[in-house]
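The working numbering puts the first residue of the sequence shown at 462, with every later residue one more than the last.
To start, the structure itself, in structure tokens.
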Amino acid sequence: MDKKVIVVGGASGVGAACVRSLAKEGAAVVSLDRSEEQGLGVAEQAGQRFLTCDVTDRDQVFSVIDEAADLLGGVDSLVHAAGILLQGPAEDVNDEDWARVMDINARGPMLTNQAALPHLKKGDRSSIANFASSSALTAYPNGAAYAASKGAVTAWTRTIAVEWARYGIRANVIHPSARTAMLEDHLAKMNDEELAAYKELLLQKVPLGGEFGDPDRDIAPVITFLVSDGARFMTGQNIAVNGGYYI
Ligand SMILES: NC(=O)c1ccc[n+]([C@@H]2O[C@H](COP(=O)([O-])OP(=O)(O)OC[C@H]3O[C@@H](n4cnc5c(N)ncnc54)[C@H](O)[C@@H]3O)[C@@H](O)[C@H]2O)c1
């Protein structure tokens, strides 16, 4: 695949899987993440480059994306996977938590998408893929602030798909479910009873296998397709890659 791609959040989980999958298909990738050591390791193993970037720092985002574009000699696609999970009852959400999850999960993609725009405009088949979550589409008890941040990035992506179509840019949003560091942290906070109930829920709710997916085998190939010209007639779509959870 002859594509130049920036992957934001490429140090871990599905972002790291996207770096590997895109590289395997022949794309040139620059991976960005705030986690420097891990990000560098993933990118180097895939034969790609890495730059440190905190997606909440506007100046840094714009300068690092310009630097990535220079390294790649242009940008065809931006994949934004960076995000955090925030759990807790809706009635306890405070201003600080709300601001933090919105800053990383909603303002972050807005900044990276805007910063990539001048570079994406120069191509003729450019694309953006932003990661949201099934919590943007259905109720997510004990995660209302997280769900709101993912609802924001979902709505943002749908609207830029229309506004930026005039520049030949496609924009889609992915709702994954995958066994990653984020999920492991989430499971680690559960007691045995909660864990058993959660596993039972997955068995009932996920027709394909009753569990979370694998970042490399189940999520990254879909992103690689979305970056490819095979997806040239797809934009503004909610793409759930979750084994059928919530259908
Ligand atoms: N794993 C799942 O089942 C699942 C489900 C729904 C949605 N998602 C979404 O998919 C995306 C990837 O999740 P994951 O499971 O791979 O998580 P992960 O924790 O494994 O990876 C997230 C990455 O984002 C980076 N990051 C966080 N804050 C950052 C910041 N301010 N600046 C730069 N980088 C930052 C982290 O360093 C990390 O490398 C996230 O947006 C997440 O909300 C994941």
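Here a beta-carbon is modelled for each residue, glycine too, at the ideal position from N, C-alpha and C.
Quick caveat, the model's predicted, so the values are computed rather than measured.
Simplified DSSP state of residue i, which is helix, strand or coil
i, result
"D494", "strand"
"N566", "helix"
"P676", "helix"
"G691", "helix"
"R619", "helix"
"L598", "coil"
"V683", "helix"
"L663", "helix"
"R640", "coil"
"V614", "helix"
"A632", "strand"
"G584", "coil"
"G544", "coil"
Per-residue burial, residue i [other beta carbons within 10 Å of its own, 16 or more giving buried]
i, result
"V506", "A quick correction: the sequence has Gln, not Val, at residue 506. By the neighbour-count rule (16 or more Cβ atoms within 10 Å), Q506 is not buried but exposed."
"G508", "exposed"
"D547", "The question names Asp, but residue 547 is Leu in the sequence shown. L547 should be labelled buried."
"M571", "buried"
"P676", "buried"
"V480", "buried"
"A608", "buried"
"A626", "exposed"
"R631", "buried"
Residue from the options with nearest C-alpha to residue i
i, options, result
"R640", "L501, K465, G704, L512", "G704"
"T517", "R568, G476, G487", "R568"
"D553", "Y628, A605, E528", "A605"
"Q698", "L663, P682, I467, I635", "I635"
"S538", "N633, I467, L662", "I467"
"S587", "A600, A622, Q521", "A622"
Extent of the continuous beta strand (DSSP E) to which residue i belongs
i, result
"R510", "510–513"
"A590", "587–592"
"L539", "538–541"
"N699", "699–702"
Residue i - containing alpha helix (DSSP H), residue span
i, result
"V525", "519–533"
"V468", "Here V468 belongs to no alpha helix (DSSP H); instead the beta strand (DSSP E) covers 465–469."
"S402", "As displayed, the chain neither begins before 462 nor continues past 708, which places residue 402 out of reach and without an answer."
Cβ-Cβ separation, residue j to residue i (assumed contact under 8 Å), whole Å
i, j, result
"K666", "Y706", "5 Å"
"H541", "G629", "Going by Cβ atoms, the distance from H541 to G629 rounds to 19 Å, so no, they are not a contact pair."
"A489", "K465", "5 Å"
Residue i: CB within 8 Å of a non-hydrogen atom of ligand 3
i, result
"V540", "Of the ligands this structure carries, namely ligand 1, none is ligand 3."
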